[in-house]
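Below is one structure, written out as structure tokens, with a few remarks after it.
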Amino acid sequence: MIRAHFNQKAARWDETSSERDVTRLERMAKRLDIKPGSIVLDVGTGTGVFSPFLLREIGEGGRIIALDFAEKMLGRARAKGFNGNIDYLCADVINIPLGNEIFDIIVCYSSFPHFQDKSRALAEMKRVIKSGGRLLICHTSTRASINEIHRQIPAVENDIIPDEVEMQEMLSMAGFIEIKIDDSESYLASARKPK
1 MIRAHFNQKA ARWDETSSER DVTRLERMAK RLDIKPGSIV LDVGTGTGVF SPFLLREIGE
61 GGRIIALDFA EKMLGRARAK GFNGNIDYLC ADVINIPLGN EIFDIIVCYS SFPHFQDKSR
121 ALAEMKRVIK SGGRLLICHT STRASINEIH RQIPAVENDI IPDEVEMQEM LSMAGFIEIK
181 IDDSESYLAS ARKPK
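Using the working numbering, you'd call the opening residue of the sequence shown number 1 and step up by one each time.
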């Protein structure tokens, strides 16, 4: 049902998306501290709103795999023809059709609340992150703002960002360490896969 919701919204997503503030997107990309040359999995790419900012961070030597389970959203992202080393993969985060320990970083920009089985998603993302690699869950708004927006949309009313205690616990149970959550002006949860 959630896939159908996003496929239905794909054609007009960029017009209706609440995130059009380029300054906030740039600031978030910088906060992620992605090293040039990194191999990044962008989970929940959608129409590629965050892709150009990630491409800037990884530089010419880096690579992005843009993953989304809604083929129409991913098609919109692909059609934008971003300049850089980016490939597209239509798949669900709970079953990533790739090998183990591939990515330096996994970014979930504005997508984590929509993962229907968050624990399974975290376990699967941990599997494809290299040892010592990082998971970054981010939004350019706060947890409270995101959750309030979602509660007003019937199709995603239960798709929320867990509170800090629950998020810490979920990440820890999935085997991540060095968990940090900053929910001051925007939302960033970061964690590392042990070496």
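For each residue, glycine too, the CB sits at the ideal point set by N, CA and C. Since the model is a prediction, treat every value here as computed from it, not as a measurement.
Just tell me which of ALA79, LYS35 and ALA66 has its CA closest to the CA of ASP96. One-based indexing of the sequence shown puts residue 96 at position 96. A small fix is needed here, since residue 96 is Ile in this sequence, not Asp. Relative to the Cα of ILE96, the nearest Cα in the group ALA79, LYS35 and ALA66 belongs to ALA66.
So, using beta-carbon positions, are GLY44 and GLY62 closer together than 7 Å? As a first step, residue 44 is located in the sequence shown; it is residue number 44 there, counting from the start. As a first step, residue 62 is located in the sequence shown; it is residue number 62 there, counting from the start. Contact flag unset, no.
Between the beta-carbon of ALA189 and the beta-carbon of MET167, is there less than 7 Å? Residue numbering aside, residue 189 sits at position 189 when the sequence shown is read from its first letter. Residue numbering aside, residue 167 sits at position 167 when the sequence shown is read from its first letter. Yes. Within cutoff.
Does the contact criterion of 3 or more C-beta pairs under 8 Å hold for the stretch 104-118 versus the stretch 133-141? yes
According to the Cβ coordinates, are ILE149 and GLU164 closer than 7 Å? Residue numbering aside, residue 149 sits at position 149 when the sequence shown is read from its first letter. Residue numbering aside, residue 164 sits at position 164 when the sequence shown is read from its first letter. Taking 7 Å as the cut-off, the beta carbon of ILE149 is found no closer than this to the beta carbon of GLU164.
Can you give, in chain order, each stretch of the beta strand (DSSP E) that sits fully within the stretch 86-138 and has at least 3 residues? 86-90 and 103-109
Could you pull the start and end residues of the alpha helix (DSSP H) that VAL165 belongs to? If you number the sequence shown from 1, residue 165 lands on position 165. 164-173 is the span of the alpha helix (DSSP H), which, as asked, contains VAL165.
When DSSP labels each residue in this structure, what does SER190 get in the three-state scheme? As a first step, residue 190 is located in the sequence shown; it is residue number 190 there, counting from the start. It is a strand residue.
Of the choices GLN152, GLY175 and ARG56, whose alpha-carbon is the least far from that of GLY133? Residue 133 sits at position 133 when you count from the first residue of the sequence shown. Ranking the options by Cα distance to GLY133, first place goes to GLY175.
Kindly list the residues whose CB is nearer than 8 Å to the CB of GLU157, restricted to its own chain and excluding five residues on each side of it in sequence; keep chain order. Residue mapping note: residue 157 aligns to position 157 of the sequence shown, counting from 1. Answer for GLU157: HIS150 and ARG151, listed in chain order.
Reducing DSSP to helix, strand and coil, say where ILE64 ends up. Within the sequence shown, the letter at position 64 stands for residue 64. Strand, per DSSP.
Does the Cβ of LYS126 have 16 or more other Cβ atoms within 10 Å, making it buried, or fewer, making it exposed? Taking the first residue of the sequence shown as 1, we reach residue 126 at position 126. LYS126 comes out buried.
What residue does the alpha helix (DSSP H) around LYS72 start on, and which one ends it? Position 72 of the sequence shown, counting from 1, holds the residue named residue 72. First-last of the alpha helix (DSSP H) with LYS72: 71-79.
On the premise that TYR88 lies in contact with LEU74, defined as a C-beta separation below 8 Å, what is that separation, rounded to the nearest angstrom? For the purposes of this step, residue 74 is identified with residue 74 of the sequence shown, where counting begins at 1. For the purposes of this step, residue 88 is identified with residue 88 of the sequence shown, where counting begins at 1. LEU74 to TYR88, Cβ: 5 Å. Contact.
Please classify ASP117 as buried or exposed, where buried requires at least 16 other C-beta atoms within 10 Å of its C-beta. Residue 117 sits at position 117 when you count from the first residue of the sequence shown. Classification of ASP117: exposed, given that the 10 Å Cβ count is below 16.
Considering only DSSP beta bridges, list what ILE153 is partnered with. What you label residue 153 is simply residue 153 of the sequence shown in a count that begins at 1. Per DSSP, none; premise fails for ILE153.
Taking just the CA atoms, how far does ILE129 sit from GLY59? Working through the sequence shown from its first residue, we reach residue 59 at position 59. Working through the sequence shown from its first residue, we reach residue 129 at position 129. Between the alpha carbons of GLY59 and ILE129 lies a gap of roughly 20 Å.
Have a look at VAL22 and MET28 and give me their C-alpha separation to the nearest angstrom. Here residue 22 corresponds to residue number 22 of the sequence shown, with the count starting at 1. Here residue 28 corresponds to residue number 28 of the sequence shown, with the count starting at 1. Going from the Cα of VAL22 to the Cα of MET28 covers about 10 Å.
Assigned exposure category for LYS193 - 16 Cβ within 10 Å defines buried: Numbered from its first residue, the sequence shown carries residue 193 at position 193. By the 10 Å Cβ count, LYS193 comes out buried.
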